[in-house]
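Residue numbers (our numbering), protein chains in the order written: chain V, 303 to 599; chain B, 550 to 863. Using N, Cα and C, we set each Cβ at its ideal position, and we do this for glycine too. So the structure is just underneath, and the comments pick up after that.
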């Protein structure tokens, strides 16, 4: 071995996988993070396995067994049409997660693009994009959602449009401010001086710096999206019946609240568990990844 | 300083203008004829033409928008096509109910949340702080409408302590207040958490500052330090946060008003949306948007007044 020149070990960066595992450990060490992770995994597994886990077909009507309290056959009881609430809750979870992942994903992509354009583009473009963002954000979300529903009619697509349009400004703003901060950083100037192209700068330097915080922000938005989906469906402005959704289960339950409390209880608990889980997890992720916020005096 | 104020107010006005134009174009660019939606498919062509003329739908869109903004600027929100009643009257009949609800909600949240945040900051990292932290995050995470539904279930249906629906008989103040309790609880619960966390964070920040250390070095009693030197500074971001968040409050008021079948602007919009009553949708969304922009602008200005560092960032 002597005489060979080896690359100094210190320059080896830990792999992405190691970073991921390391931060996971730190998340789990906090009671809040551990609780969040357990809840999120629980929700994900039950949503992914909904088709196998649900004991009944979620839309199967059995009028004779309507509004039953929980029993051995129906773990969470039945609704006003005798449909098995447990099966409907499971499938509803699938829909809630699908809506949040698709719409947050699309909002991320569009927000990232617009934010980069605002950050790199000319001043007037930046200013007009910011004005547009502020204007979109100036509608209270639910009011905006109701206005959109008036136009497009209630459907899952409408819910996703609402989420995408209201989230784009948040992500766009964040990407813009990060881009502006980085644009004139010394390492970018150096890169530019050695002749790096626009796309190389964005792809190699801006994006990696922006994506991390953006993903944390997005993970903290999942409860918000789930609330919007359930809320709009509760108002009869989201998922159309008979498709199950936590919101429609709550709405049906609310109509029969004087007959039986079970559908309301069964529809609300998954909403609470999911929003709690993602919020707890998001909070501890943020603490782990953003040391500035961790400082405790 | 004045320049900043002027710029900020101008930005607020611009935002309202763009928002109104967006809303107007959105409603009028939808596939489907608004006149047919209003009158139904079987209305005679003459009647359709008459209503179209009346709604000003024959002009090109930008002209319509300018005309609409002009009318709104004069304080005219248009006419409800179904009831033939001025949208102004309809909206301002409902608005007070929402404002009372929001004020009651944020009021009780402040009464509980701010002391909770203080306690957490004073006894930081203790068991009290930990429990308060988890409670706060949980309060924030649970959606308002679920809180509303569960409180109906527990306090109105099961325990029968409080009424579940309506806003009272409209005569006695007592009945109005009793009907306000559960909705205000639902609107405020999340805010208890928000405020507690915010007050805790800003108190910890202030506690680390020089003037507090000096006060402590003078041997002032801890209570004087906390109330006179720390809390007074730490409360400022809280006040502005509330101003910034009127939109969230209004959103939660929509759900609460619907669950409790209360009158109010949220319920008004909901009813207008379900009956496709465009003028009322426009008018009420517009009023809430203006309310929101005005309150964020004021919050920004107050912030700038208190903290001169912020004035330069625009």
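For the options B:602, B:667, B:823, B:619, the alpha carbon positioned closest to that of residue 771 of chain B is the one of B:667.
For residue 778 of chain B, no alpha helix (DSSP H) encloses it, and the DSSP letter there is neither H nor E. The DSSP-derived three-state label of residue 380 of chain V is strand. Proximity of residue 842 of chain B to chain V, defined by a Cβ-Cβ separation below 8 angstroms, is satisfied.
In terms of beta-carbon proximity, residue 570 of chain V lines the interface with chain B, with at least one pair separated by less than 8 angstroms.
Here residue 808 of chain B is buried. Its C-beta has 16 or more other C-beta atoms within 10 Å.
For residue 825 of chain B, there is no enclosing alpha helix (DSSP H), as DSSP marks it with neither H nor E.
One thing to note: residue 636 of chain B has its Cβ within 8 angstroms of the Cβ of residue 629 of chain B.
Under the three-state reduction of DSSP output, residue 327 of chain V falls in the helix class. Chain V has no Cβ within less than 8 angstroms of the Cβ of residue 783 of chain B. Contiguous alpha helix (DSSP H) elements confined to the segment 425 to 457 of chain V occur at 425 to 439, 443 to 454, taking only those with 4 or more residues. Here residue 393 of chain V really is in contact with residue 352 of chain V; their C-beta atoms are around 5 angstroms apart, less than 8 angstroms. In the three-state reduction of the DSSP assignment, residue 535 of chain V falls in the helix class. In the DSSP assignment, the residues bridged to residue 628 of chain B are B:635.
Assigned with DSSP and collapsed to three states, residue 554 of chain V falls in helix.
In this structure, the beta-carbon distance from residue 508 of chain V to residue 577 of chain V does not fall below 8 angstroms. Around the beta carbon of residue 627 of chain B, 16 or more other beta carbons lie within 10 angstroms, which makes this residue buried. Residue contact check for residue 536 of chain V against chain B: a CB pair falls below 8 angstroms. The beta carbon of residue 559 of chain V falls within 8 angstroms of a beta carbon belonging to chain B, placing the residue at that interface. Chain V has a Cβ within less than 8 angstroms of the Cβ of residue 701 of chain B. For residue 386 of chain V, the secondary structure class from DSSP, reduced to helix, strand or coil, is strand.
The C-beta distance from residue 538 of chain V to residue 471 of chain V rounds to 27 angstroms, too long to fall under 8 angstroms, and the pair is not in contact.
Residue 357 of chain V places its beta carbon 8 angstroms or farther from that of residue 385 of chain V.
Pairing residue 829 of chain B with residue 634 of chain B, the inter-Cα distance amounts to about 10 angstroms.
Closest by C-alpha distance to residue 406 of chain V, out of V:461, V:447, V:344, V:451, is V:461. With respect to residue 836 of chain B, residue 640 of chain B sits close: the two C-beta atoms are nearer than 8 angstroms. Interface flag for residue 574 of chain V against chain B is set, since a Cβ pair is found closer than 8 angstroms. At a cut-off of 8 angstroms between beta carbons, residue 556 of chain V contacts chain B.
Out of B:655, B:607, B:762, the CA that lies nearest to the CA of residue 793 of chain B is found in B:655.
Residue 700 of chain B sits away from residue 682 of chain B, with the two beta carbons spaced by 8 angstroms or more. Rounded to the nearest whole angstrom, the CA to CA distance from residue 572 of chain B to residue 581 of chain V is 32 angstroms. Residues 364, 367, 368, 369, 370, 386, 387 of the same chain have their beta carbon placed closer than 8 angstroms to that of residue 380 of chain V, with the five preceding and five following residues left out of the count.
In chain order, 420 place their CB closer than 6 angstroms to the CB of residue 428 of chain V, counting only its own chain and leaving out the 5 sequence neighbours on each side.
The residue from V:411, V:396, V:497, V:408 with its alpha-carbon nearest to that of residue 350 of chain V is V:396.
Nearest to residue 403 of chain V by C-alpha distance, out of V:522, V:445, V:503, is V:522. Listed along chain B, no residue sits closer than 9 angstroms to residue 413 of chain V by beta-carbon distance, the nearest being about 18 angstroms off.
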